[in-house]
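Going down the list, the protein sequences come from chains A and B.
Final position of the first sequence in the numbering used here is 102; the numbers increase by one with none missing.
Final position of the second sequence in the numbering used here is 102; the numbers increase by one with none missing.
Yeah, the Cβ is synthetic: ideal placement off N, Cα and C, and Gly gets one too.
There are 2 protein chains.
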Amino acid sequence: MKIEIMNANIFKALGHPTRMEIIKLLNEKPLCVCEIFDQIESTQPNISQHLKLLKDADVLDSKRDGNKIIYLIKHDEVRKIILLSQIILQKEIIQLTKGK
Amino acid sequence: MKIEIMNANIFKALGHPTRMEIIKLLNEKPLCVCEIFDQIESTQPNISQHLKLLKDADVLDSKRDGNKIIYLIKHDEVRKIILLSQIILQKEIIQLTKGK
DNA sequence: CTACAATATAAGAAAATGCTTATATGCTTA
DNA sequence: TAAGCATATAAGCATTTTCTTATATTGTAG
């Protein structure tokens, strides 16, 4: 597979509001699906689908704990990427308030 | 607008192979549309549309130089984000070669 | 002012995503 | 092994993206 496709896949996975919410939750600590479900306004299958997509993109990892599946951020670089995107947003907001 | 949507928008913009190619080119140096066009396998309107999308997402900026429009990466954080995603890919490839 | 070069926009068809409802799978405990 | 949680998968529709072709805009040079 072309490197650009692989590279873009990670960002494609991050590029959805619900998935961004999930990642921000998991940025705090690993959670099972039911805990994520509790905190996000969506259906269980929908969340499951988003989780699968994030896992396929190597953004998340998962492990079984008895009945439950725990999801977690797979690479620490993901945390850094999220942080950087927030810095970009902050910069943009500052520019906006300067009326630029 | 919800913060997650704004956050996800940046990644949505990055999440396409052609746009990733464009960004990698511009990571070297600013280029006009025609120079980008020379190096990417696509039509001029298509590239123009991708550039617009990247600019709207605050990933790129542009400035006019006579007849030409020069595009450039707007925030240095974007470069860091790309670098981090490449580190993730490298890690994954190493895991694959370990047969894990 | 005209012609040309560089880039952007528009419109519509095709493809990909995302969501919903229904159902399946896999543990665990009785 | 049966029942009940927790999670995943499937199927189909609705929406969004993406690409293509055609055309418009804007600047420059003659």
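{"Query": "Length of the line joining the Cα atoms of residue 89 of chain A and residue 39 of chain B", "Result": "30 Å"}
{"Query": "Start-to-end residues for the beta strand (DSSP E) that takes in residue 64 of chain A", "Result": "62-67"}
{"Query": "Best match in B/37, B/56, B/51 for proximity to residue 13 of chain B [C-alpha to C-alpha]", "Result": "B/56"}
{"Query": "Run of the alpha helix (DSSP H) containing residue 129 of chain B, from where it starts to where it stops", "Result": "Since the first and last residues shown for chain B are 3 and 102, residue 129 of chain B lies out of range."}
{"Query": "Start and end residues, beta strand (DSSP E) containing residue 4 of chain B", "Result": "Premise fails: residue 4 of chain B is in no beta strand (DSSP E) and is neither H nor E."}
{"Query": "Distance, residue 91 of chain B Cα to residue 50 of chain B Cα", "Result": "28 Å"}
{"Query": "Proximal chain A residues relative to residue 16 of chain B, where beta-carbon distance stays under 9 Å", "Result": "9, 10, 12, 13, 14, 16, 17"}
{"Query": "is_contact[residue 33 of chain B, chain A] using C-beta, thresh 8 Å", "Result": "no"}
{"Query": "Residue 70 of chain A (DSSP reduced to helix, strand or coil)", "Result": "strand"}
{"Query": "Environment of residue 101 of chain B [buried if 16+ CB atoms lie within 10 Å]", "Result": "exposed"}
{"Query": "8 Å Cβ cutoff met for residue 72 of chain B and residue 47 of chain B", "Result": "no"}
{"Query": "Residue 63 of chain B: contacting residues in chain A (beta-carbon distance under 8 Å)", "Result": "Here the premise fails: no neighbours, minimum Cβ distance about 11 Å."}
{"Query": "For residue 18 of chain B and residue 34 of chain B, the rounded distance between their alpha carbons", "Result": "20 Å"}
{"Query": "Cβ of residue 28 of chain A within 8 Å of any chain B Cβ", "Result": "no"}
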